[in-house]
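Trainee: Heads up: the sequence shown begins at 1 in full-length UniProt numbering, then just goes up one per residue. Got a structure here, written out as structure tokens. Questions coming.
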Amino acid sequence: MAQKPSLIFVPGAWHSPECWGKIMSAMEAKEFKCIPVALPTNQSTSTDVNYSHDVKAVADAIAGETSQGLDVVLLVHSYSGPVGQSAMRGFTNNSADTDGKTGRVIGLFNVATGFVREGASFLDALGGKPLPTCEADYENNLMVIVVDPIDMMYHDLPAEEADYWVGKLSKHALTGSTEGYEVTYEGWRDVPVWQIMTKDDRAYPYEAQKMLVRGAEKLGADVTKRLIDITSPAVSLHTFNGSGNNGTFWTTSQDGVIWTMVNCLDDAMSTPPSETFEPSTSPAVAVYQDTLYVVWNSSEANGTLRYTYVNKATNAFVQPKNLTAGGLSIRSQTSPAMVEFNGLLYLFFNGSGLNGTWMTTSNGNVWAIASPVTSNLGGNFMDRTSPAIFVSDDKRVLTLLWYGSGSNGTWYTTTTNGITWSNQVGLNDGQVLMAGSSPCGIGYHGRPYIFFVGGDGNLWNYARYSLAMDAFLKGNDFAFVAQDDATVKYLEAQFANGSVIIQNPSSSPNIIQSANPRNQTVAGNANWINLWHYFYNGSPSAIPREAVSLLALATLAFNFNYLISINTDSQMRFSPRLIFHRIPPNKG
């Protein structure tokens with residue numbers, strides 16, 4: 001196995017190497033050698049100490065590794081960016097004068113910093129004067145922070161942690177930014193650069209970072225950029241169960257590309273490895289009231305769900321406990337699904353008695369009595385499959401998905417209030433799911449995406465569901481083409497019962513004709529007792545399937561102030577037969 005490079009960590013102004021501590025610990029756990037460097041200008045304010053002394057300190061650390069034949073990746077932040085880049089002279093393939101028997105600096109990891117130019121000081125790069133957050137105290141040879149240091153550097157941290165780091169700040173010699181720049185070297189030209197750009201950086205503005213990166217790229221720098229928002233970090237969490245049934249693990253990412261080292265939930269909860277999951281199941285995770293929750297099917301396979309959450313005070317997972325909700329009993333070899341919706345934490349599971357998908361909710365203190373969802377709609381799931389849920393981008397609609405018990409593909413129902421659910425509707429476009437697999441869905445850029453593993457083993461995306469729902473959620477007009485006269489007649493009969501507003505196209509000049517009629521169906525939020533009756537009594541064929549979809553959507557649309565019109569003219573079979581027109585507020 002190739003030797004891993006040594007990692008050299010250099011802090012910025014006013015900071016000690018301790019500021020890299022968490023990252024160093026994470027990398028050491030992955031068996032990287034980590035070397036911290038303390039900068040002389042953070043340890044002395046003598047005018048005899050300047051930029052060149054900082055460069056020498058880093059160069060000495062590099063030499064200590066390369067002399068042993070070890071390659072080096074340099075990690076720098078803010079002020080130490082130019083320092084580290086200058087220290088690379090003689091240690092890169094482009095600048096070394098040896099025969100290659102020693103190690104090299106092979107990469108540069110820049111965090112919120114610029115690119116040094118030969119002969120130019122740190123202040124030169126800033127136009128000759130400090131940023132507005134600092135002042136140059138020439139009398140005492142100090143670069144002085146003149147704003148609240150928490151607001152400048154630690155505003156995204158908990159108060160206690162921010163106070164800790166303020167207490168660790170040192171003085172920083174002004175000569176680090178003005179003197180000793182005869183040793184500058186543009187090391188960033190010689191190696192790949194990974195640039196971390198901090199969008200809400202109050203010490204080093206993001207616009208300034210972008211300007212310097214663009215300048216370096218124009219000069220030929222090989223820069224890979226990653227953007228993070230340090231005020232509200234976009235950290236994503238991925239949880240999974242270990243292949244050896246050895247517990248649940250997680251990793252996080254700020255960009256969806258670079259992921260942290262894997263952590264074990266057992267270790268985080270201080271529980272033995274026996275606190276694990278039932279084989280062939282997966283954990284569910286959700287954030288509710290700024291608290292992270294994780295739920296899993298117990299290894300006891302007795303219908304019990306276990307869960308933990310992150311304690312805000314300690315920022316650590318609490319000891320796991322049983323999820324106690326009256327009537328809760330999950331089917332063996334299935335997994336729960338969880339999401340925040342309408343101010344509550346919703347959890348769904350397939351019942352242990354093969355009796356449909358159930359749900360419970362929590363307000364952060366207690367879990368409600370479990371209640372059935374799909375059995376009331378006449379639906380059930382295929383054994384050893386699990387439900388999936390997602391919320392629309394605008395947070396108004398919750399969709400529940402499951403694999404039908406008759407091997408008849410993916411089904412769904414929706415709700416806008418978490419209480420009443422639409423009729424079950426099948427995404428019956430000829431798709432067949434692979435046995436033992438489960439669908440999943442997510443709202444993305446204003447429309448839902450539904451994925452499933454097909455019977456051929458390929459991953460598919462069911463796109464048609466999103467077309468009408470996309471128009472509906474945006475408040476746009478749209479229409480359907482229904483070529484089946486039986487469907488149209490059934491819809492007309494239902495609408496005549498007063499469920500929606502009816503207009504006859506031949507007598508009304510106000511019918512809105514869509515420019516883009518659709519020929520596919522979609523369901524929304526409905527509670528049609530007569531449809532429940534048909535399905536519950538095993539007679540779904542009594543109702544055209546297309547009618548089920550359109551009726552459900554019509555109910556949802558009516559509740560959101562749409563005018564629904566039906567064209568019953570049999571001579572116009574291929575024109576829009578069901579037209580949805582949004583009534584502007586205060587006009588209906």
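Quick reminder that beta carbons are idealized off the backbone N, C-alpha and C, glycines included.
Taking 8 Å as the cut-off, does the region 176 to 193 touch the region 52 to 64 (at least 3 CB pairs, one atom from each stretch)?
Mentor: With the cut-off at 8 Å, the region 52 to 64 and the region 176 to 193 touch.
Trainee: So who's on the other strand from G404, going by DSSP bridges?
Mentor: DSSP, once it has assigned bridges, lists F381 as partnering G404.
Trainee: Ignoring anything shorter than 3 residues, give me the beta strand (DSSP E) runs that lie fully in the region 129 to 182, in order along the chain.
Mentor: Listed in chain order, the complete beta strand (DSSP E) runs (minimum 3 residues) inside the region 129 to 182 are 134 to 137, 142 to 145.
Trainee: Can you look up S298 in the DSSP assignment and give me helix, strand or coil?
Mentor: S298: strand per DSSP, three-state reduction.
Trainee: Within the same chain, show all residues whose beta-carbon is closer than 7 Å to that of A87, passing over the 5 residues directly before and after it, in chain order.
Mentor: Correct list, in chain order: V55, V58, A59, I62.
Trainee: Could you check where the alpha helix (DSSP H) with T45 kicks off and where it finishes?
Mentor: That residue, T45, is in no alpha helix (DSSP H); it is neither H nor E in DSSP.
Trainee: Let me check one thing: in DSSP terms, what residues is M24 bridge-paired to?
Mentor: Beta-bridge pairing links M24 to no other residue.
Trainee: Do you know whose CA, among P5, L157, R331, lies nearest W296's CA?
Mentor: Cα-wise, what sits closest to W296 is R331.
Trainee: Alpha carbon to alpha carbon, how far is W250 from T361? Give it in angstroms, no decimals.
Mentor: Their Cα atoms are separated by approximately 24 Å.
Trainee: Just to confirm my understanding: we take L212, look at its own chain, exclude 5 residues before and 5 after, and list those with CB closer than 7 Å. What are they?
Mentor: Answer for L212: G114, F115, listed in chain order.
Trainee: Would G215 pass as a contact of R189 if the rule is Cβ separation under 9 Å?
Mentor: No, these two residues do not count as a Cβ contact at 9 Å.
Trainee: Sort Y403, D97, V37, R396 by Cα distance to N342 and report the nearest one.
Mentor: Residue R396 is the option with its Cα nearest to N342.
Trainee: Give every residue of the same chain whose Cβ lies closer than 6 Å to the Cβ of A368, excluding the five residues on either side of it in the sequence, and list them in chain order.
Mentor: Excluding positions up to five away in sequence, the list reads T360, T361.
Trainee: Residues bridged to A102 by DSSP?
Mentor: A quick correction: the sequence has Thr, not Ala, at residue 102. Per DSSP, none; premise fails for T102.
Trainee: Is I8 closer than 9 Å to L74 when the C-beta atoms are compared?
Mentor: Their beta carbons are under 9 Å apart, which means L74 touches I8 by this criterion.
Trainee: How many angstroms separate the CA atom of T92 from the CA atom of T66?
Mentor: Each residue's Cα considered, the two are about 10 Å apart.
Trainee: Based on the DSSP output, what are the partners of L347 in its beta bridges?
Mentor: DSSP output for L347 lists M338, T360 as bridge partner(s).
Trainee: Whose C-beta lies closer than 7 Å to the C-beta of N311 among residues of the same chain, with five residues either side of it excluded?
Mentor: V318, listed in sequence order.
Trainee: In chain order, what residues of the same chain lie with their CB nearer than 6 Å to the CB of A192, ignoring the 5 residues before and after it?
Mentor: It should be noted that the sequence gives Pro, not Ala, for residue 192. Cβ within range, chain order: G107, D222.
Trainee: Please determine, among M27, A316, Y307, the residue with the shortest C-alpha to C-alpha distance to G364.
Mentor: Comparing Cα-Cα distances from G364 to each of M27, A316, Y307, the minimum goes to Y307.
Trainee: According to DSSP, is A13 part of a helix, a strand, or is it coil?
Mentor: The answer is coil: DSSP assigns A13 none of H, G, I, E or B.
Trainee: What residue from E139, G176, G64 has the CA that sits closest to G12's CA?
Mentor: Residue G176 is the option with its Cα nearest to G12.
Trainee: Are Y185 and A112 closer than 9 Å when you measure CB to CB?
Mentor: No, the pair does not count as a contact, with Cβ atoms beyond the cut-off.
Trainee: Using the beta-carbon count (16 or more within 10 Å), is W528 buried or exposed?
Mentor: Annotation note: pLDDT 35 at W528 (below 50); position unreliable, coordinate value reported separately. The residue is buried, with at least 16 neighbouring Cβ atoms inside 10 Å.
Trainee: Determine the burial state of L377: buried for a count of at least 16 other Cβ atoms within 10 Å of its Cβ, exposed for fewer.
Mentor: So L377 ends up on the buried side.
Trainee: Going by alpha carbons, who is nearest to V83 out of P40, R104, N94?
Mentor: The shortest Cα separation from V83 among P40, R104, N94 belongs to P40.
Trainee: Are there 16 or more other CB atoms within 10 angstroms of the CB of I145, so buried, or fewer, so exposed?
Mentor: Answer is buried; the Cβ neighbour count reaches 16.
Trainee: Around the C-beta of T399, are 16 or more other C-beta atoms found within 10 angstroms, so that it is buried, or is it exposed?
Mentor: With 16 or more other Cβ atoms within 10 Å, it is buried.
Trainee: By how many angstroms is the C-alpha of Q333 removed from the C-alpha of A162?
Mentor: Roughly 45 Å between the two C-alpha positions.
Trainee: Can you round the beta-carbon distance between residue 590 and W358 to whole angstroms, since I take them to be within the 8 Å contact cut?
Mentor: The structure shown does not extend to residue 590, since the chain is modelled only from 1 to 588, so the question has no answer here.
Trainee: Residues in the same chain with beta-carbon distance under 6 Å from R202, minus the five sequence neighbours each way, listed in chain order, please.
Mentor: Correct list, in chain order: M152.
Trainee: When DSSP builds the beta bridges, which residues end up paired with S6?
Mentor: In DSSP, S6 forms a bridge with V72.
Trainee: Less than 9 Å between the beta carbons of S352 and G418, yes or no?
Mentor: Contact: no.
Trainee: Here's a check: name, in chain order, each residue in its chain whose Cβ is nearer than 6 Å to the Cβ of Q85, leaving out the five neighbours to either side.
Mentor: Result list for Q85: V116, G187, W188, in chain order.
Trainee: In whole angstroms, what is the alpha-carbon distance linking G327 and Y293?
Mentor: Using only the alpha carbons, I get a separation of about 21 Å.
Trainee: Name, in chain order, the residues that DSSP records as bridge partners for M197.
Mentor: M197 is bridged to L227.
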